[in-house]
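This report refers to the structure that appears directly beneath it.
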Amino acid sequence: GYIGPKEYHTLASINPELTDAIEFGWFTFLSKPFFKVLLWINGLIGNWGWAIILFTLLVKLVLFPLSYKGMMSMQKLKDLAPKMKELREKYKEDPAKLNMKMMEMYKKHGANPMGGCLPMLLQIPVFFALYRVLLNADELQGAVWIPGWIENLAAADPYYILPVLMGVSMWFQQKITPNNFTDPMQEKIFQFFPVIMALMFIIMPFPSGLVLYWVVNNIFTIGQQYVINKAYQNQKAALAHKKGKDTK
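Counting from 227, one number per residue, gives the positions in the sequence shown under my numbering.
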């Protein structure tokens with residue numbers, strides 16, 4: 227039997243079947259391909275921290291078509307919020323009629339009430355799969371990103387810089403993302419969410435590599451949202467201009 231370190235290349239050189247000894251739990255179906263991609267990137271650049279950053283960019287590029295649809299849907303929902311409020315007031319005594327009218331409104335304007343949730347939901351399995359990689363892959367134990375700061379990507383950030391950056395980037399992401407809150411209390415809770423998440427990541431010792439992924443993911447999402455916000459505003463302006471011409 228083999229009793230050495232569970233490093234992927236070492237195991238593969240002895241017997242490819244031995245790589246199954248690297249356990250990733252429930253998320254093996256995602257963790258294993260993610261780990262192989264990270265191994266490949268790290269082989270090119272020789273730094274696991276930068277490999278995680280490039281991996282995050284790859285994930286964002288793969289999910290971009292769905293993210294684009296979700297973000298555009300959120301823009302439409304924001305524009306529809308005043309009309310939805312009117313419908314809720316008008317049909318507050320008739321929930322079935324209200325639901326029907328809301329569905330009609332969504333269909334008419336091509337908005338999907340669940341569309342904005344999809345990009346976030348897709349990130350959950352990615353997050354847990356990467357967590358298992360950082361927890362179980364021997365290669366990442368003691369992997370240095372920036373000497374003097376992150377000297378073990380599988381351990382927590384000793385100076386709590388990454389959790390704070392995560393909270394700040396989440397706050398910026400919130401500010402640039404359209405929302406259609408009708409309940410002030412819900413909006414207040416939503417505003418405090420970045421603070422809660424930052425504190426959670428400070429109190430709980432999450433691997434710094436995982437927090438790095440989240441920070442970089444937030445930064446890329448802010449960039450995506452900015453571009454999509456601009457594209458949507460330009461689209462609206464072009465439609466308004468066309469309607470103005472048609473009415474003349």
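Note that the Cβ used here is the ideal one computed from N, Cα and C, for glycine as well.
Quick test of the definition: if touching needs 3 or more C-beta pairs under 8 angstroms, does the segment 318 to 337 touch the segment 286 to 293? no
Please work out which residues of its chain come closer than 8 angstroms, Cβ to Cβ, to residue 431, disregarding the five sequence neighbours upstream and downstream, and give them in chain order. Closer than 8 angstroms at the Cβ level, and outside the excluded window around residue 431, lie 381, 382.
What residue ranges within the segment 252 to 304 form continuous beta strand (DSSP E) runs of no fewer than 3 residues, ordered along the chain? none
Give the straight-line distance between the Cα atoms of residue 314 and residue 330, rounded to the nearest whole angstrom. 14 angstroms
Could you check if residue 371 is buried or exposed, using at least 16 other CB atoms within 10 Å of its CB as the buried criterion? buried
On the premise that residue 385 lies in contact with residue 375, defined as a C-beta separation below 8 angstroms, what is that separation, rounded to the nearest angstrom? 7 angstroms between Cβ atoms; contact.
Residues of its chain near residue 446, where Cβ-Cβ distance is below 8 angstroms and the 5 sequence neighbours each way are ignored: Residues 282, 283, 286 of the same chain have their beta carbon placed closer than 8 angstroms to that of residue 446, with the five preceding and five following residues left out of the count.
Alpha helix (DSSP H) segment containing residue 399, residue limits: 387 to 402
Which residues in the same chain have their Cβ closer than 6 angstroms to the Cβ of residue 368, if we skip the five residues on either side of it in sequence? 378
From residue 352 to residue 393, what does the alpha carbon distance come to, in whole angstroms? 19 angstroms
Beta-bridge partners of residue 476, as assigned by DSSP: Residue coverage of the chain in this structure runs from 227 to 474, which leaves residue 476 outside it and unanswerable.
Quick one: Cα of residue 450 to Cα of residue 364, how far? 34 angstroms
Using a 10 Å radius around the Cβ and a threshold of 16 neighbouring Cβ atoms, would you call residue 262 buried or exposed? Exposed, since its Cβ has fewer than 16 Cβ neighbours within 10 Å.
Please state if the CB of residue 424 and the CB of residue 389 are separated by a distance shorter than 8 angstroms. yes
Grab me the residues of residue 442's own chain with a C-beta within less than 7 angstroms of its C-beta, minus the 5 sequence neighbours each way, in chain order. Correct list, in chain order: 279, 282.
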